[in-house]
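See below for the structure under consideration.
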Amino acid sequence: MVVVETEGSYTKQITLDSIDVHVGQSYSVLVTADQDDSDYYIVATPKLFNTTDDSPLVAKGVLHYTNSGSPVGGSLPPGPDPWDINFSVNQARSIRWNLTAGAARPNPQGTFNVSNVTLSETIILHGSEAIINRVYRNVVNNVSYINHVTPLKLADYYANGTGVFQVGHFPIDSVKPFAMYGVSVVGGAHKGWHEIVFQNELTRMDSWHLDGYGFYVVGFGDGEWTPKSRDTYNLYDPVVRSTVQVYPGGWTTVYVFLDNPGMWNLRSQLLKHWYLGQELYVRVHDDDPNPAKENPPPENLLLCGIFGEIKAPSGAPEPQPGW
């Protein structure tokens with residue numbers, strides 16, 4: 001199969017026998033139906049698991065030729081070694097932008113080459129696990145996210161976060177000495193380039209997603225990320241996507257241009273990790289009110305949380321039975 005696209009990015013057209021699709025990702029491939037008229041298995045198997053043909057973890061489909069006279073049968077075609085991380089990393093590095101495709105370019109400077117950008121900040125996020133008050137939690141830099149009773153955007157608009165969150169309190173390049181709960185919000189410079197390093201401290205795959213943005217996937221590596229790791233980056237034709245894998249005991253680096261104001265969720269896309277606290281928010285804000293970067297809330301906005309005692313603005317609808 002020929003890989004041609006991933007998450008809106010046209011890729012170099014490379015031919016693969018198998019492709020790793022991680023949690024939250026998507027790909028488009030072209031398959032030429034030039035084999036003998038027959039039926040052929042299409043198989044999906046998990047990474048880092050030992051499976052058999054009849055395992056419930058193995059998904060099977062059938063490519064059926066119209067003139068096929070023989071049903072599919074026999075053993076499933078062998079796939080790559082599910083424990084071969086180097087195979088997967090090398091394949092991930094081979095997924096690059098197609099510079100010859102005529103398509104819209106997301107880079108505000110009009111090029112896929114990000115070697116000439118000036119970084120505003122580096123954010124290093126260690127995803128791991130911890131016990132907090134005798135409860136298992138997932139943590140980022142030893143902080144496990146908890147939802148406040150007040151929506152973050154509401155707190156940001158009415159009180160600049162006071163009483164709900166504090167920008168700058170979450171450590172962006174270090175790990176708290178003790179695991180704790182927190183409302184994790186980091187500040188991002190509006191229209192600034194940020195380098196985000198995802199460090200996976202676990203023995204299983206992880207997958208990170210950022211709402212509101214696509215980011216340039218510039219590097220993968222094993223062990224601990226260091227500034228020297230930048231020597232291995234692909235800054236010439238990195239693919240743009242919104243969800244990226246992080247291999248066990250390894251790191252993944254992305255570049256993101258924060259040109260979309262708002263409060264954006266950055267989280268593990270693995271549901272268990274996300275539910276148990278592996279997330280934070282990125283606050284992208286510009287203090288210059290001229291022009292306004294975001295529309296104001298509607299006049300009939302219903303208030304809640306710490307603002308629930310404030311009289312609702314005029315024009316707010318009356319609660320209806322059954323609400």
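To convert, note that position 145 of the sequence shown is 145 in full-length UniProt numbering; the numbers rise steadily by one, no gaps. Virtual Cβ for every residue (Gly too), placed ideally from N, Cα, C.
Query: Beta-ladder partner(s) of GLU279, from DSSP; Result: ARG267
Query: Contact check, VAL3 vs TYR27, beta carbons under 9 angstroms; Result: yes
Query: Selection from ILE196, GLY187, GLN91 that minimises the alpha carbon distance to ILE123; Result: ILE196
Query: Segment contact, 8 angstroms Cβ cut-off, at least three pairs: the segment 253–265 with the segment 206–216; Result: yes
Query: Closest Cα partner of VAL284 within the set LYS153, ASN133, VAL21; Result: LYS153
Query: Close-in-space but distant-in-sequence residues of the same chain around SER75 (CB under 8 angstroms, 5 per side omitted); Result: ASP53
Query: Best match in ALA44, LEU99, MET205, TYR65 for proximity to residue 349 [C-alpha to C-alpha]; Result: Because the chain here runs from 1 to 323, residue 349 falls outside it and cannot be looked at.
Query: Reduced DSSP category for SER128 - H, G, I as helix; E, B as strand; rest coil; Result: strand
Query: One or two residues paired with GLU299 in a DSSP bridge; Result: Paired residue(s): none; GLU299 is not in a bridge.
Query: Close-in-space but distant-in-sequence residues of the same chain around SER77 (CB under 8 angstroms, 5 per side omitted); Result: As written in the sequence, residue 77 is Pro, which differs from the Ser given in the question. TYR41, VAL43.
Query: For LEU271, the nearest candidate out of ASN138, PHE49, GLU5, GLU121 (CA to CA); Result: ASN138
Query: Alpha helix (DSSP H) runs wholly inside the UniProt domain "Plastocyanin-like" (1–67), at least 4 long, in chain order; Result: none
Query: Inter-stretch contact (C-beta, 8 angstroms, three-pair minimum) for the segment 85–99 and the segment 235–245; Result: yes
Query: Assumed close pair GLY249, GLY223 - CB separation to whole angstroms, cut-off 8 angstroms; Result: 7 angstroms
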